[in-house]
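Colleague:
There are 4 protein chains.
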Amino acid sequence: MTEAKAGRKRSETSRQAILQAAFALLEEVGFDRMSIEGVAARAGVGKTTIYRWWESRGVLAVEAFLTTVAPVIAFHETGSAREDMIAQMQALADLYRGPTGRFVREMIGSSQSDPAMRSAFHDLFLVPRREAARAVFRRGQGTGEFRACADADAAIDALYGPIYYRLLASDAPIDDGEVNKIAALVMSGLNAPG
Amino acid sequence: MTEAKAGRKRSETSRQAILQAAFALLEEVGFDRMSIEGVAARAGVGKTTIYRWWESRGVLAVEAFLTTVAPVIAFHETGSAREDMIAQMQALADLYRGPTGRFVREMIGSSQSDPAMRSAFHDLFLVPRREAARAVFRRGQGTGEFRACADADAAIDALYGPIYYRLLASDAPIDDGEVNKIAALVMSGLNAPG
Amino acid sequence: MTEAKAGRKRSETSRQAILQAAFALLEEVGFDRMSIEGVAARAGVGKTTIYRWWESRGVLAVEAFLTTVAPVIAFHETGSAREDMIAQMQALADLYRGPTGRFVREMIGSSQSDPAMRSAFHDLFLVPRREAARAVFRRGQGTGEFRACADADAAIDALYGPIYYRLLASDAPIDDGEVNKIAALVMSGLNAPG
Amino acid sequence: MTEAKAGRKRSETSRQAILQAAFALLEEVGFDRMSIEGVAARAGVGKTTIYRWWESRGVLAVEAFLTTVAPVIAFHETGSAREDMIAQMQALADLYRGPTGRFVREMIGSSQSDPAMRSAFHDLFLVPRREAARAVFRRGQGTGEFRACADADAAIDALYGPIYYRLLASDAPIDDGEVNKIAALVMSGLNAPG
DNA sequence: GACTAAGCGAGACGGTACGTCTTGTCTTCAC
DNA sequence: GTGAAGACAAGACGTACCGTCTCGCTTAGTC
């Protein structure tokens, strides 16, 4: 009601052009060399328009990434929470072995010096996935597949943390076998006692 | 035999001045704003000297970090491998809650766009620590504290991965309680069967 | 019609600051050590602004020189073209014995490796002066003081060439006596016969 | 007699290699971009050796130029001093229309900011030529072809100055016709009176 | 024949400046 | 009052040379 509204409206065309240009550069040269200058030139847009609407280069990149790489990981319920969880881990590892892995690495990497980017990536990308994982985990606790007393966050971190560690810092592979090993190991600690 | 030997020798004085200046900037302004220009000026050194001896800004930063923050985590053997391992995790988490945490975050973060930096950090910082962890783990397997059939890398990743994940991507804390929860969870899957 | 007109206008303030800084450096350290970096710093201006508007360091120097050392050599008509011409030569020689001489030497000297600078100095400094000389010469031909058939350019070069030669290459002086000798010599070949 | 003489002698091989490399660069990239570093590299010589024996880059260039472009202009005596003089001017103009012209332009040009270079070029290149011209002129005065009272330096400057002026500063040509015009003009003022 | 002294190549060093790129801001005109 | 265009101050980039300074080797004399 009380919003002032004089003047020209934000241009949807420009918004889209910017996001597409940003994603294109993200793909072609990586986040590190994706400059605002470059995005503006490629989108046929003034730099001001970018500065006006995005808090930082990093936030723009996150948004461009999310817009284009639709973050949907479809989820199959098989009845077994344990198996759903492993399937989800495999799907994630698989995704990260492809081009998305590079984006995620760059996003998390560059986030370390851009708090706004870190929040954006965390809230918009990581949290939803974690929620999905948490839901499966809770279901498993409900069905008795997982100990009721287990800490969901600790469990999820123990399962997923290694994937991110390998993505970001280690040269160890993240193939199906490795994921299985980790899952088996941790889940044997999560089993409801005999 | 055929070693080249002509020409002036590398200046140890300059080397040290550069590493110290780099570390000082790392502390004061962070890796992101640690410029080679700045290091050179502060060290009283020509930029060429830096470019001559370090492959990239990132590698310089890693070396500066390692030189100054002596990477020794003293290790106490208490008899129980399980308890030694938890103590090591606690020590690491504690270290990462302090200023070193910021360095490590920045190192891993910036590594994502600098492969040489990534190798340097991995080989010189992460690997030695992992070796120490692996040694304890093997000892535990020897004593029967941990299942003999467990995969050491999977186990270590399940224990340490969460710490790095929280450091880099999550807003969850890494306090003693959390570390304990993860350790307990994973180790209950590692226990030699009754 | 199709003139582009978007964007910020060129800053007159910066333009002036640059020219003044350039001239100051020209005076203080000479063209050879007048760096673009130095001009920018002194003018409180980004280097880009200089590169945007001046083709080369040399062209900037020429413009700075011309802007500051107003190129007006007032001309007195005494009735005798011959005497006006000699007066003009004396005035030029006198000017070149002072600080301006150093500028002109440096301009012509550095022009040899900067074609744009050469054109600029030629067109903006030398040509106007030559035009003035040519005008006097023609007047002298009109009044019968100089042979009608004489080639103006050859005559002017014979009169002025020696001054530049001495300025640039010789250690012979360019004082009133010498100028008079040259003028007398050449003009005796220019006299209208009988 | 009293010179100390222990130690190794100056290497003639290096001296020649340096002069040849310098001349080669002079030809290929011009004086402006002939660096001492480049000469040393091309000659397979340490920079120190160059700095030890040559006062400046400019002096080296002059010496390289003189060593290679043998400065001999053979002189024909035809009996007529006047004609010999014109022939000499034509020969010089002709020479300056070729590659030597570029060298001479660059030498005189760069001399403006290197007094040692200026002296070297003046003494070793210009003076000998001027002496030759002076000799012809004096002969002409002896034979009565030129006025006995004429000032040799003024006359020579009036004749040659224009050639250098055109070489260095003007866009007027220096062809046979132009040289003839100047010669005719000046010499008509030098004629012994009827 | 050993000693001493320079000359020499190589190449590291502290610097200065280069010309380019990007940052985030500011200004102008068009819509 | 948004948006494209683009100028602006700032400052880092990585490179090229500068002139100086070790190095260890070679080449002469001089003792």
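Residue numbers (my numbering), protein chains in the order written: chain A, -13 to 180; chain B, -13 to 180; chain C, -13 to 180; chain D, -13 to 180. No residue lacks a Cβ here, since even glycine has one placed at the ideal position from N, Cα and C. These figures come from a predicted structure and were not determined experimentally.
1. When you compare the CB of leucine 52 of chain C with every CB in chain D, is at least one pair closer than 8 Å?
2. Any residues in the segment 77 to 94 of chain D with a beta carbon nearer than 8 Å to a beta carbon of chain C? Which ones, in chain order?
3. Do we get a CB-CB distance below 8 Å when we pair leucine 112 of chain D with the residues of chain C?
4. Would glycine 180 of chain C pass as an interface residue toward chain D - the criterion being a Cβ-Cβ separation below 8 Å?
5. Give a yes or no on whether the minimum CB-CB distance between alanine -10 of chain A and chain B is below 8 Å.
6. Using a Cβ cut-off of 8 Å (strictly closer), state whether glutamine 127 of chain C contacts chain D.
7. Quick one: is aspartate 139 of chain B near chain A, going by C-beta distance under 8 Å?
8. Does any residue of chain B bring its CB to less than 8 Å from the CB of alanine 144 of chain A?
9. In whole angstroms, give me the CA-to-CA distance for alanine 8 of chain A and threonine 64 of chain A.
10. Whose C-alpha, out of C/Ala106, C/Leu110 and C/Ala170, is nearest the C-alpha of alanine 136 of chain D?
11. When we look at the beta-carbon of glutamate -2 of chain C and count the other beta-carbons within 10 Å, is it buried (16 or more) or exposed?
12. Should serine 21 of chain D go down as buried or exposed, given a rule of 16 or more other Cβ atoms within 10 Å for buried?
13. Taking its Cβ as the centre, do 16 or more other Cβ atoms sit within 10 Å of proline 182 of chain B, making it buried, or is it exposed?
14. How about isoleucine 4 of chain A: is its C-beta nearer than 8 Å to some C-beta of chain B?
15. Starting from the C-beta of tyrosine 37 of chain B, find all residues in its chain whose C-beta is less than 8 Å away, skip the five residues before and the five after it, and write them out in chain order.
16. Consider the Cβ of aspartate 184 of chain C: report whether some Cβ of chain D lies at a distance smaller than 8 Å.
17. Checking 8 Å against the spacing of the C-beta atoms, do leucine 5 of chain B and threonine 53 of chain B come in under that value?
18. Enumerate in chain order the residues of its own chain whose CB-to-CB distance from tryptophan 40 of chain D is below 6 Å, with the five nearest sequence positions on each side excluded.
19. Could you tell me the boundaries of the alpha helix (DSSP H) in which serine 181 of chain A lies?
20. Helix or strand or just coil, what does DSSP make of glutamine 98 of chain B?
21. Along chain A, in chain order, which residues have C-beta atoms closer than 8 Å to that of isoleucine 168 of chain B?
22. Starting from valine 172 of chain B, find everything on chain A with Cβ-Cβ shorter than 8 Å and list it in chain order.
23. Whole angstroms are fine: how far does the CA of alanine 118 of chain C sit from the CA of proline 101 of chain D?
24. Tell me which residue opens and which closes the alpha helix (DSSP H) that threonine 35 of chain B is part of.
25. Can you give the Cα-Cα distance for alanine 106 of chain B and alanine 26 of chain A, rounded to whole angstroms?
26. Counting only Cβ pairs nearer than 8 Å, list the residues of chain C close to glycine 16 of chain D.
27. Quick one: is valine 15 of chain B buried, meaning 16 or more other Cβ sit within 10 Å of its Cβ, or exposed?
28. According to DSSP, simplified to helix, strand and coil, what is alanine -8 of chain B?
29. Verify the contact flag: alanine 79 of chain B, CB atom, against every heavy atom of the ligand FAD, threshold strictly below 7 Å.
30. So with Cβ pairs under 8 Å, would you call aspartate 157 of chain C a contact of chain D?
31. Rank B/Arg88, B/Pro148 and B/Ala121 by C-alpha distance to the C-alpha of leucine 12 of chain B and give the top, closest one.
32. Can you name, in chain order, every residue of its own chain whose Cβ lies under 7 Å from the Cβ of isoleucine 142 of chain D, other than the five neighbours on each side?
33. Check whether chain C comes within 8 Å of serine 0 of chain D, counting only Cβ atoms and requiring the distance to be less than that.
34. Thinking C-alpha only, which one of B/Arg133, B/Arg83 and B/Ser156 is nearest alanine 67 of chain B?
35. For aspartate 157 of chain C and aspartate 18 of chain C, what's the separation of their Cα atoms in angstroms?
Modeller: For this structure:
1. no
2. Arg91, Glu92 and Ile94
3. Flagged as an interface residue toward chain C: leucine 112 of chain D, by a C-beta distance shorter than 8 Å.
4. Confidence in glycine 180 of chain C is poor, its pLDDT being 38 and thus under 50, which makes the residue's placement unreliable; the coordinate value appears in the next sentence. No, glycine 180 of chain C lies away from the interface with chain D (no Cβ there is under 8 Å from its Cβ).
5. Unreliable positioning characterises alanine -10 of chain A in this predicted model, as indicated by a pLDDT of 48, which lies under 50. The coordinate reading is nonetheless provided below. No - not a single Cβ of chain B is within 8 Å of the one on alanine -10 of chain A.
6. Interface criterion not met: the Cβ of glutamine 127 of chain C is under 8 Å from no Cβ in chain D.
7. yes
8. yes
9. 38 Å
10. Of the candidates C/Ala106, C/Leu110 and C/Ala170, the one whose C-alpha sits nearest the C-alpha of alanine 136 of chain D is C/Ala170.
11. exposed
12. exposed
13. Residue numbering for chain B in the displayed model covers -13 to 180; residue 182 of chain B lies beyond these limits and cannot be assessed.
14. Output row for isoleucine 4 of chain A: interface = no.
15. Ile22
16. Outside the displayed span of chain C (-13 to 180) sits residue 184 of chain C, for which this structure offers no information.
17. yes
18. Leu46
19. With chain A covering -13 to 180 only, the question about residue 181 of chain A has no answer from this structure.
20. coil
21. Ala140, Asp143 and Ala144
22. Residues of chain A passing the Cβ test: Ala144, Leu171, Val172 and Gly175.
23. 33 Å
24. 33 to 39
25. 35 Å
26. Listed along chain C, the residues sitting closer than 8 Å to glycine 16 of chain D by beta-carbon distance are Ser99.
27. exposed
28. coil
29. Among the ligands in the structure shown, none appear at all, so the ligand FAD cannot be discussed.
30. yes
31. Relative to the Cα of leucine 12 of chain B, the nearest Cα in the group B/Arg88, B/Pro148 and B/Ala121 belongs to B/Arg88.
32. Arg116, Ala119, Arg120 and Phe123
33. No - not a single Cβ of chain C is within 8 Å of the one on serine 0 of chain D.
34. Closest by C-alpha distance to alanine 67 of chain B, out of B/Arg133, B/Arg83 and B/Ser156, is B/Arg133.
35. 21 Å
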